[in-house]
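*Asks:* If you want the working numbering, it's the 1-based position in the sequence shown plus 1449.
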Amino acid sequence: MRAVVIHGKEDIRVEEVPTPQPGPGEVLMRVAYAGICGSDLHYYFAGANGEFKVREPLIPGHEVCGVVAEDPDGKFAPGTPITPHPATFGTALPGLETEPHLWPNGAYLGSASTMPHTQGGMSEYLLLRHDQVRVLPEGLPMKRAVLSEPTAVGLHAVHRAGDLTGKKVLVSGAGPIGLLTAGAAMANGAAELWVCDLFEKPLQRATALGVTGTINVTETPLTAESFDVVLECSGAFPAISAAISAVRRRGLVVQVGMVPGGDIPIALAPLISKEATMTGVFRFRDEIDDAIYLLQDNPQLENVLTHIIAANDARGGFEIARDSRESGKVAINLWYED
C-alpha cells in the first residue's frame, strides 16, 4: 500500500509499505481522509513532537475516517463508514480507573512516543482493533467526519468546563481546535460565545460558525474580568496570560492548547487574587462517540475544513497547514474516491 511517511526533519515521502493483515478482533480500514494535526506538523518540521523524536520511519495521522475493507470476524460489514478512537490506553492508576486517557504507558495513532513507533493512518489502509471502531451515522459526509477526533478534544474541554448554561464564554485561538471547541461550547448551552485571535481569516471562519462575536486582539485587547469561562486553545504564552486576565472572579480557565515543556512565563497573580480556577485538558476519554453526532447535527462545522490535498502532494499540504492565517483544518485525501 502507499503511505505518507516522515523519515526525519523536513523529510516526508510517499512510498510503498506492507499492507497490514487483520486477525481476530481486528478491522482493516480503507482510509479516506487524514487531517493534519499540530503534532504531525512538529514531527515533520522539527523531527520531533516535544521530547518524542522520529527515530524510525513514521506514518503520521490520527484524525482519520474511511470505510471497512475487511473484518475476518464479520462484525463490521465491508463498506461501513467508520472513524477510530486513536488511543491504546495504558496502565490503570488508583483513583483514575474511569479516566483511561490519563493512564501512563499508552499509545496513540501516528506517534513517536513508543518504540517501535505507533504508525498512523496517513496511508491507504489502517489496522484497528474492534474496540477502536466507531461507526459513522448515516448522512455524515466523510469530509466532515475527518473532524471527529479534534471535535472530541473540543467536547472534552467543554466537559472539563462543566455546565455552560447561561454563561459568557471566550475561546482563545481560532485554529481548528479552537473553532471546534467553540462549536462544542455553543451546543452545550453557552449563552454568549466569543472567539479571539490575532488574524482576520481565522476569525471569519469563527463567524461562519454562528458565534456571538469575534475579537481581533491586535486591535482590541481583551477586557479584564469579562468572561465566566475562557477556553484557551492557542497554547501561546501571551494568550494564556490574557485568558487569566479576562476571566471573572471565581471564573474558570480551561487550558486546551498544548505548551512546550520547561518554564512557562505567564502572569499567575490575577488567577490568585480573583480565586479563579485553571484546569488542563489532555486529548479525550470517550467524547468521540458524541463528536460524530455533533458533526452530523451541525453542518456549519465543516467550515473548519479549508483544504483537501492529494496524498501525492502531502509535503504541500503540510506547508499549507503550517500557515494558520490562511488555513483551518487541512486534510489529506488518501487516494480515495467518493
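Even glycine gets a Cβ: it sits at the ideal position worked out from N, Cα and C.
Since we're looking at a predicted model, the values are computed, not measured.
Write down the C-beta distance between Ala1740 and Ser1597 rounded to the nearest angstrom, noting that I regard them as a contact closer than 8 Å.
*Replies:* Indeed, because the Cβ distance is near 5 Å, the residues count as touching under 8 Å.
*Asks:* Let me know the secondary structure DSSP gives Glu1649 once reduced to three states.
*Replies:* In this structure, Glu1649 counts as helix in the three-state DSSP scheme.
*Asks:* Give me the residue from Lys1616, Glu1649, Ala1633 with the minimum Cα distance to Ala1640.
*Replies:* Here the closest residue by C-alpha is Lys1616.
*Asks:* To which residues of the same chain is Thr1667 closer than 6 Å at the C-beta, ignoring the five residues directly before and after it?
*Replies:* Contacts found: Leu1647.
*Asks:* What separation, rounded to the nearest whole angstrom, lies between the Cα atoms of Trp1643 and Gln1704?
*Replies:* One C-alpha to the other measures close to 16 Å.
*Asks:* Do the stretch 1697 to 1711 and the stretch 1563 to 1574 make contact, defined as three or more Cβ pairs closer than 8 Å?
*Replies:* With a cut-off of 8 Å, the stretch 1563 to 1574 and the stretch 1697 to 1711 do not count as touching, because too few Cβ pairs lie within range.
*Asks:* How many whole angstroms separate the CB atoms of Thr1656 and Arg1583, which I take to be in contact at a CB cut-off of 8 Å?
*Replies:* Not a contact, Cβ separation roughly 30 Å.
*Asks:* Do Cys1486 and Ala1594 come within 8 Å of each other at the CB atom, strictly closer than that value?
*Replies:* Not a contact, by the Cβ cut-off of 8 Å.
*Asks:* On the three-pair Cβ rule with 8 Å, is the stretch 1490 to 1508 touching the stretch 1532 to 1547?
*Replies:* Flag = no, the stretch 1490 to 1508 and the stretch 1532 to 1547 do not touch.
*Asks:* Select from Glu1465, Asp1460, Val1480 the residue whose C-alpha is nearest the C-alpha of Asp1787.
*Replies:* For Asp1787, the nearest C-alpha among the options comes from Val1480.
*Asks:* What does the alpha-carbon distance come out to for the pair Gly1559 and Glu1465?
*Replies:* Each residue's Cα considered, the two are about 17 Å apart.
*Asks:* Looking at the structure shown, is Ala1780 part of a helix, part of a strand, or coil, going by DSSP?
*Replies:* Residue state, collapsed to three classes: strand.
*Asks:* List the residues that DSSP assigns as beta-bridge partners of Trp1643.
*Replies:* Note: Trp1643 sits in a beta bridge opposite Leu1619, Gly1662.
*Asks:* Beta-carbon separation of Ile1508 and Arg1764 under 8 Å?
*Replies:* Taking 8 Å as the Cβ cut-off, Ile1508 and Arg1764 do not qualify as a contacting pair.
*Asks:* Where do the ends of the beta strand (DSSP E) carrying Pro1533 lie?
*Replies:* 1530 to 1533 is the extent of the beta strand (DSSP E) around Pro1533.
*Asks:* According to DSSP, simplified to helix, strand and coil, what is Phe1767?
*Replies:* In this structure, Phe1767 counts as helix in the three-state DSSP scheme.
*Asks:* How many angstroms separate the CA atom of Met1394 from the CA atom of Asn1782?
*Replies:* Only positions 1450 to 1787 of the chain appear in this structure, which leaves residue 1394 out of reach.
*Asks:* Check the C-beta distance from Tyr1492 over to Ala1536 and give it rounded, since I have them as a contact under 8 Å.
*Replies:* Contact flag wrong, Cβ pair sits at about 18 Å.
*Asks:* How many whole angstroms separate the CB atoms of Gly1588 and Leu1613, which I take to be in contact at a CB cut-off of 8 Å?
*Replies:* With a Cβ gap of about 27 Å, Gly1588 and Leu1613 do not count as contacting.
*Asks:* So, with DSSP's three-state summary, where would you put Arg1654?
*Replies:* Of the three classes helix, strand and coil, the one that applies to Arg1654 here is helix, per DSSP.
*Asks:* Pull up the CB-CB distance for Phe1731 and Leu1551, whole angstroms please, since I reckon it's below 8 Å.
*Replies:* With 8 Å as the limit, Phe1731 and Leu1551 qualify as a contact, their Cβ atoms being about 7 Å apart.
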